[in-house]
Amino acid sequence: MNHVKLLFFATLRERMGIKTLDLDVPADLTIQGLKDRLSAEYPKVNASLKSVVVSINREFAPDESVIPQNAEIGMFPPVSGG
Amino acid sequence: MNHVKLLFFATLRERMGIKTLDLDVPADLTIQGLKDRLSAEYPKVNASLKSVVVSINREFAPDESVIPQNAEIGMFPPVSGG
Amino acid sequence: MQPSNFPTIFSITEDEIDLNDLLARITLTSTGAAAIFTGMVRGETSRRGSTQANAGDEHQTEYLEYEAYIPMAEEKMKQVADEIRAKWDAIEGIAIVQRIGKLYPKTPTVLIACTAAHRDTGVFEAARYGIDRLKEIVPIWKKEVSPGGEFWVEGEYMPKAGE
Amino acid sequence: MQPSNFPTIFSITEDEIDLNDLLARITLTSTGAAAIFTGMVRGETSRRGSTQANAGDEHQTEYLEYEAYIPMAEEKMKQVADEIRAKWDAIEGIAIVQRIGKLYPKTPTVLIACTAAHRDTGVFEAARYGIDRLKEIVPIWKKEVSPGGEFWVEGEYMPKAGE
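The structure is reproduced here in structure tokens:
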């Protein structure tokens, strides 16, 4: 099992009701697999998962990325700074 | 005769050695005629007259402009602000 | 002067954006021109994307509340600066600043500034590119609070892997 | 809002150029974007027009001394602002400021700032146009003083009658 730390921002944070979540996940879990797990365990976040942007260790990551050990995973909507 | 006030700037001012000059000129004098008169009376300004920019009452004026009564005439090199 | 001596400032801050100070910090002895973009909170806003909005589409904003994924945002700001330098090699100094927290109408919220020896070297284009890229890849979000309620402003850009 | 309510600032001053203050004065409730150009005194300058200057062509500047035909310069600054508004009708506020007197390297000497609701409405192009036009038609001149002597910088543009 790998330890990962999830960070939620903006709508994701509000829908989850938490800023961070520490999880143990299988060593071969992908971002898609993580999304599926969140969707099942936190159905309230489903509306945000459709257009979620995901980062692994502060770099944008596609759904097929395998999550490394001790990853810091950011989950957030498309950015709207400025 | 018309009264006119000449204002010199930058190289024109330095070559003339004065900032302003009050003149009485014929009512039909043009800018070209004024340049000719300055050239004859102040030969030291000749080098600057080749590329001089002239304004009448704060608007750019071509050589053929007739100088109106009580005109304020600016004489200066191409601008270099910024 | 080596590019490594060229100042690059990036900052996510709750403090006021001080244009005079930032400009001074990216001005070198060889600098003759700066292009600066700032964004401010609009108190009256047309609907997003609708520049031909009717008066009826306008609404009032009480304030915007910004949040950022700060360490990643700092890394992505540095990436935007690197991209600018790769595209316009005459650029000397770069400042990229995002103010976060609760910000009221007319308040500057973001600044992108680029300096160069001369104005015809890409400074305007570089500043424009900088704000465009910030709005694509720097993880910052804003919630609009208005008399009618509050909603998160969401961007449209989906960054590619490794971008 | 009527265009007549849009702020236009033009100033020829011996005082420091305060970007924060000028930006605030051209920011309306409807403003969301500003593009600002500033020029500074270069302490190390390549020969005019020679961007590929060799190191041997560089020289040091001790200071620049600016002078202006102030009342005409103010009228021409207003004309530049009018031209900007005629070309980009989304522009809200405009500031055009030239500092004069003896100015040392790294000092901002000129500022052109334009504001609008959004950044894609011509603010960058308007600011660029503003500085280009100022350098063509606003009667201001500078003398460069360097260790090797002093000389007047002369422009190249010959304004047309009525321009």
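Protein chains in written order, with this note's numbering: chain D, 124 to 205; chain H, 124 to 205; chain A, 946 to 1108; chain B, 946 to 1108. Where is the CB? At the ideal position from N, CA and C, for every residue including glycine.
Chain B contact for residue i (CB, 9 Å cutoff)
| i | result |
| --- | --- |
| Ala-1062 of chain A | yes |
| Asn-965 of chain A | yes |
| Arg-1073 of chain A | yes |
Per-residue contacts from residue i into chain D (C-beta, under 8 Å)
| i | result |
| --- | --- |
| Val-1055 of chain A | Gly-204 and Gly-205 |
Beta carbon proximity, residue i to chain D, threshold 9 Å
| i | result |
| --- | --- |
| Ser-995 of chain A | Confidence at Ser-995 of chain A is low in this model, with a pLDDT of 43, below 50, so the placement of that residue should be treated as unreliable; the coordinate-derived value is given next. No - not a single Cβ of chain D is within 9 Å of the one on Ser-995 of chain A. |
| Asn-999 of chain A | With a pLDDT of only 47 at Asn-999 of chain A, under the threshold of 50, the placement of this residue in the model should not be trusted, and no figure is reported. |
Distance CB(residue i)-CB(residue j) smaller than 9 Å
| i | j | result |
| --- | --- | --- |
| Asp-145 of chain D | Leu-129 of chain D | yes |
| Phe-982 of chain A | Val-1055 of chain A | yes |
| Asn-125 of chain H | Ile-179 of chain H | no |
| Gly-204 of chain D | Leu-964 of chain A | no |
| Thr-1006 of chain A | Gly-988 of chain A | yes |
| Asn-193 of chain H | Val-127 of chain H | yes |
| Phe-951 of chain A | Gly-1038 of chain A | yes |
| Ala-1040 of chain B | His-1063 of chain B | no |
| Gly-977 of chain B | Ala-1106 of chain B | no |
| Arg-160 of chain D | Met-1017 of chain A | no |
| Met-1022 of chain A | Ile-962 of chain A | no |
| Ile-154 of chain D | Glu-195 of chain D | no |
| Leu-967 of chain B | Val-1042 of chain B | yes |
| Glu-1070 of chain A | Tyr-1102 of chain A | no |
Cutoff 9 Å: residue i Cβ touching any chain H Cβ
| i | result |
| --- | --- |
| Gly-1046 of chain B | no |
| Pro-1016 of chain B | yes |
| Ala-940 of chain B | Given that chain B is displayed from residue 946 to residue 1108, the structure contains no residue 940 of chain B and the question cannot be resolved. |
| Glu-1007 of chain B | no |
Chain A residues whose Cβ lies nearer than 8 Å to that of residue i
| i | result |
| --- | --- |
| Arg-970 of chain B | Those do not exist, as Arg-970 of chain B stays about 11 Å from chain A at its closest Cβ, beyond 8 Å. |
Chain A contact for residue i (CB, 9 Å cutoff)
| i | result |
| --- | --- |
| Lys-1105 of chain B | no |
| Phe-955 of chain B | no |
| Ala-184 of chain D | yes |
| Val-189 of chain D | no |
| Val-168 of chain D | no |
| Val-127 of chain D | no |
9 Å Cβ cut-off: residues of chain H touching residue i
| i | result |
| --- | --- |
| Glu-1070 of chain B | Within chain H, no residue comes near Glu-1070 of chain B; the closest Cβ sits about 18 Å away, beyond 9 Å. |
| Glu-1108 of chain B | Glu-182 and Phe-183 |
Listed by chain order, chain H residues near residue i by CB distance under 7 Å
| i | result |
| --- | --- |
| Glu-961 of chain B | The premise fails here: Glu-961 of chain B is roughly 17 Å from chain H at the closest Cβ pair, so nothing lies under 7 Å. |
| Glu-1020 of chain B | Arg-181 |
Top-ranked residue by Cα proximity to residue i, from the options
| i | options | result |
| --- | --- | --- |
| Thr-1108 of chain B | H:Thr-134, H:Phe-183, H:Glu-187 and H:Leu-157 | The question names Thr, but residue 1108 of chain B in the sequence shown is Glu. The candidate whose alpha carbon is nearest that of Glu-1108 of chain B is H:Phe-183. |
| Pro-1050 of chain B | B:Leu-1009, B:His-1004 and B:Phe-951 | B:Leu-1009 |
| Thr-134 of chain D | A:Ala-1013, A:Glu-1003 and A:Thr-958 | A:Ala-1013 |
| Thr-1066 of chain A | A:Trp-1033, A:Ile-1057, A:Thr-1006 and A:Ile-1015 | A:Trp-1033 |
| His-1004 of chain A | A:Pro-1092, A:Ala-1106, A:Pro-1104 and A:Val-1098 | A:Pro-1092 |
| Val-928 of chain B | B:Lys-1087, B:Tyr-1102, B:Phe-1096 and B:Gly-977 | There is simply no residue 928 of chain B to check, as chain B begins at 946 and stops at 1108 in what is shown. |
| Ser-1096 of chain A | A:Glu-1020, A:Ala-978, A:Tyr-1011 and A:Leu-967 | According to the sequence shown, residue 1096 of chain A is Phe rather than Ser. Minimum Cα distance to Phe-1096 of chain A is reached at A:Tyr-1011. |
| Gly-1046 of chain A | A:Ile-1036, A:Val-1090 and A:Ala-1058 | A:Val-1090 |
| Ala-979 of chain B | A:Arg-1064, A:Glu-1081, A:Ala-1072 and A:Glu-1101 | A:Ala-1072 |
| Glu-137 of chain D | D:Gly-156, D:Thr-153 and D:Val-168 | D:Val-168 |
| Ala-1031 of chain A | A:Ile-957, A:Met-1103, A:Glu-1099 and A:Tyr-1074 | A:Tyr-1074 |
| Pro-201 of chain D | D:Asp-186, D:Glu-187 and D:Val-176 | D:Val-176 |
| Gly-1100 of chain A | D:Ile-196, D:Gly-197, D:Ser-174 and D:Glu-164 | D:Ser-174 |
| Ala-1026 of chain B | B:Gly-984, B:Thr-953, B:Pro-1104 and B:Tyr-1102 | B:Thr-953 |
| Cys-1059 of chain A | A:Arg-1044, A:Pro-1053 and A:Ile-1076 | A:Ile-1076 |
| Ile-971 of chain A | B:Gly-984, B:Arg-970 and B:Glu-1019 | B:Gly-984 |
Proximal chain B residues relative to residue i, where beta-carbon distance stays under 8 Å
| i | result |
| --- | --- |
| Pro-1050 of chain A | Thr-974 |
Proximal residues of chain D, C-beta to C-beta of residue i below 7 Å
| i | result |
| --- | --- |
| Glu-1012 of chain A | Phe-132 and Ala-133 |
Chain A residues whose Cβ lies nearer than 9 Å to that of residue i
| i | result |
| --- | --- |
| Gly-197 of chain D | Tyr-1014, Met-1017 and Pro-1084 |
7 Å Cβ cut-off: residues of chain B touching residue i
| i | result |
| --- | --- |
| Val-176 of chain H | Met-1103 and Pro-1104 |
Exercise for the section: Please list the residues of the region 977–989 of chain A that have a C-beta atom closer than 9 Å to any C-beta atom in chain B, keeping them in chain order. Expected result: Gly-977, Ala-978, Ala-979, Ala-980, Ile-981, Phe-982, Thr-983, Gly-984, Met-985, Val-986, Arg-987, Gly-988 and Glu-989
Problem - the region 1077–1101 of chain B: positions lying closer than 8 Å to chain A by Cβ - result: none
Exercise for the section: Compile a chain-ordered list of the residues in the region 137–165 of chain D whose CB is closer than 9 Å to at least one CB of chain A. Expected result: Glu-137
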